[in-house]
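Visitor: Protein chains in written order, with our numbering: chain A, 1 to 129; chain B, 1001 to 1284.
By construction, the Cβ of each residue, glycine as well, lies at the ideal position given by its N, Cα and C atoms.
Structure in structure tokens, see below.
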Amino acid sequence: MANQPIELILARQFADSMSVAVFLVDPIGNLLFYNEAAEGILGIRFAETGSMAVDEWSQIFIPTYEDGRPFPPEDMPLVRTLTNQQPAHGSFCITNKKGEKHFITVTSFPIEGRPDRNLGAMAMFWKPK
Amino acid sequence: METKISMKITVWGCRGSLPSPGPEKDFYGGNTSCVQVIHKDTCIILDGGSGIQRLGAFLKNDFKEVHIMLSHLHIDHTMGLGFFLPLYNPNVNVHIWGPATSNESLLERLRRYFSPPLFPVRLNELPTHPQIHEIHRSEIKIGEISISTDYICHPGPTLGFRISCGNSVFTYMPDHEIPLGSANFPNEPEWISGVDLAKDADLLFHDAQYRPSEYANRVGWGHSSVEDTLTYAKLCNVKKLALFHHDPAHTDEQLNQLLKEFTEHKKFDFDVEMCAEGNVYDLS
């Protein structure tokens, strides 16, 4: 497999060091990495899944509004960031593979490498205290 | 009969951070990063540290074109540029290649050095303005030499170089902090900075500025320990490793001790040595 760009290597290193949940995706949305805090919310482990294609990881949770209505995937912050290459922010619920439901707030931003290369995006998500 | 293609690689400076001449450093030398790669009439110079001054003085007149490739613009890699005599020779066409950034052009950044109060001569006052080329994740062909470049882990935009000629590969990564540029070192090579540049190289020049105990107090400064560099060379399956970018405080005796400490009674699948100013490597 080809070397990842240094910007993504450092982003993964950063994500790995954080106690807030972090997702790292490439420009087409393939999930390159998620950290330990994200594992707790998603109910899966990176050591077991490794990176995942966009079709695969989009199936591991179901996004909804708090009242249970389906949350449009295209409105999720990370999808908006990948589409527009702009930061995005929003809150919604996810139900993971274990059936656990979490209300989360997500902030996502594009990763633009030198010189002006679109390398993907990072999303951080919080469970309100 | 097929011509045997080779690269002649000469070390004009392999000291890191600061020129540090002195009798206690005579063997490995005190000049900062500068390495010359020659193939036929192609002359490539990797970095413009203080070693480039001597290189310029000894450069044969038959090179009418010279390519200086800057890994990055830290002062120890650029401080010799203004003293490179071919820049003042209108018969020599000098090209300067260096890392692109998102904001300031390479030309603008070079002008900072070539201007008072740092240096009295401005770039546009040279007899022939050098041609400036910005590179990033690039593939370049100069004569029969192919060069792949990519950003590697070091503060500020910094490139590593994979230089190929015929079947020979020389990789140059003078400033590179391996552990910080690795998500899971030494596992998952695709997540380790620069591996594609160094993979299966015949010769790797790699940063090994610190002993591990020194590195522990210098994380984030952009350099690697001898121990990590040995692991990296193994991971990249290189044939020969020359430890580069010696700490300015390390004497010849200390460098010899460092090499002995980390290589004696250990078996490697590749040759290891401390790079020394004046060393010549012939890849064929």
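In angstroms, rounded to a whole number, what distance separates the CA positions of valine 1280 of chain B and leucine 10 of chain A?
Guide: If you take the alpha carbons of valine 1280 of chain B and leucine 10 of chain A, they lie about 35 Å apart.
Visitor: Note the first and the last residue of the continuous beta strand (DSSP E) segment covering threonine 1078 of chain B.
Guide: Threonine 1078 of chain B -> no beta strand (DSSP E), and no H or E assigned at all.
Visitor: Please state whether DSSP places leucine 1073 of chain B in a helix, a strand or coil.
Guide: If DSSP states are grouped into helix, strand and coil, leucine 1073 of chain B belongs with coil.
Visitor: If you draw a straight line from the C-alpha of glutamate 1177 of chain B to the C-alpha of glutamate 66 of chain A, how long is it?
Guide: Computed Cα separation, rounded: 46 Å.
Visitor: Give a yes or no on whether the minimum CB-CB distance between cysteine 1236 of chain B and chain A is below 8 Å.
Guide: Cysteine 1236 of chain B does not count as touching chain A.
Visitor: Given this structure, state the Cα-to-Cα distance separating glycine 1209 of chain B from proline 70 of chain A, to the nearest angstrom.
Guide: The identity of residue 1209 of chain B in the sequence shown is glutamine, whereas the question assumes glycine. Cα to Cα, the separation comes out at about 56 Å.
Visitor: Under a CB-based cut-off of 8 Å, is tyrosine 1215 of chain B close to chain A?
Guide: Cβ-Cβ to chain A under 8 Å: no for tyrosine 1215 of chain B.
Visitor: I need the straight-line Cα distance from methionine 1001 of chain B to glycine 1166 of chain B, nearest angstrom please.
Guide: Residue placement at methionine 1001 of chain B is poorly supported in this model, since its pLDDT is 49, which falls under 50; the coordinates still yield a value, given next. Between methionine 1001 of chain B and glycine 1166 of chain B, the C-alpha separation is close to 15 Å.
Visitor: Could you name the residues of the same chain whose beta carbon sits closer than 6 Å to that of proline 1155 of chain B, not counting the 5 residues immediately before and after it, in chain order?
Guide: Here the set comprises Gly1222.
Visitor: Tell me, to the nearest whole angstrom, how far the beta carbon of glycine 1082 of chain B is from that of phenylalanine 1119 of chain B; I am working on the premise that it is less than 8 Å.
Guide: About 5 Å separates the two Cβ atoms, so the contact holds.
Visitor: Taking buried to mean at least 16 other C-beta atoms within 10 Å of its own C-beta, is proline 1090 of chain B buried or exposed?
Guide: Counting Cβ neighbours within 10 Å, proline 1090 of chain B comes out exposed, since fewer than 16 surround it.
Visitor: Would you mind working out which of B:Val1011, B:Leu1018, B:Val1092 and B:Lys1008 sits nearest alanine 958 of chain B, comparing C-alpha positions?
Guide: Residue 958 of chain B is absent from the model: chain B starts at 1001 and stops at 1284.
Visitor: Output, in sequence order along the chain, the residues in the stretch 1144 to 1157 of chain B whose CB is closer than 8 Å to any CB in chain A.
Guide: Cβ contacts with chain A come from Asp1150, Tyr1151, Ile1152, Cys1153 and Pro1157.
Visitor: Which of the three DSSP states, helix, strand or coil, is assigned to valine 1121 of chain B?
Guide: Note: valine 1121 of chain B maps to coil in three-state DSSP.
Visitor: Helix, strand or coil for glutamate 112 of chain A? Go by DSSP, reduced to three states.
Guide: DSSP places glutamate 112 of chain A in strand when its eight states are reduced to three.
Visitor: Note down, in chain order, every chain B residue with its Cβ under 9 Å from the Cβ of glutamine 59 of chain A.
Guide: Neighbours of glutamine 59 of chain A on chain B: none; closest Cβ ~24 Å, over 9 Å.
Visitor: Taking only three categories from DSSP, how would you classify tyrosine 1088 of chain B?
Guide: Of the three classes helix, strand and coil, the one that applies to tyrosine 1088 of chain B here is helix, per DSSP.
Visitor: Just the Cα atoms here: how many angstroms apart are aspartate 16 of chain A and tyrosine 34 of chain A?
Guide: Answer to the nearest angstrom: the Cα atoms are 8 Å apart.
Visitor: Using the C-alpha atoms, what's the distance from glutamate 1125 of chain B back to arginine 1111 of chain B?
Guide: Cα to Cα, the separation comes out at about 11 Å.
Visitor: Under 8 Å by Cβ, that's how I've got aspartate 1207 of chain B and proline 1174 of chain B pegged, so tell me the actual separation to the nearest angstrom.
Guide: Right, the Cβ-Cβ distance comes to about 6 Å (below 8 Å), so this counts as a contact.
Visitor: Using a Cβ-Cβ cutoff of less than 8 Å, which residues in the same chain neighbour methionine 18 of chain A once the five nearest sequence positions on both sides are dropped?
Guide: Cβ neighbours of methionine 18 of chain A beyond the five flanking positions: Asn35, Ala37 and Met124.
Visitor: Tell me the rounded alpha-carbon separation between isoleucine 28 of chain A and leucine 119 of chain A.
Guide: Whole-angstrom Cα-Cα distance: 9 Å.
Visitor: Could you pull the start and end residues of the alpha helix (DSSP H) that alanine 1276 of chain B belongs to?
Guide: Run containing alanine 1276 of chain B: none; DSSP gives neither H nor E here.
Visitor: Which residues in chain A have a C-beta closer than 8 Å to the C-beta of leucine 1180 of chain B? List them in chain order.
Guide: Ordered by position in chain A, the residues that pass the 8 Å Cβ test against leucine 1180 of chain B are Leu10 and Gln13.
Visitor: At a cut of 8 Å, does the stretch 85 to 98 of chain A reach the stretch 107 to 114 of chain A through at least three beta carbon pairs?
Guide: Yes: at least three Cβ pairs fall under 8 Å.
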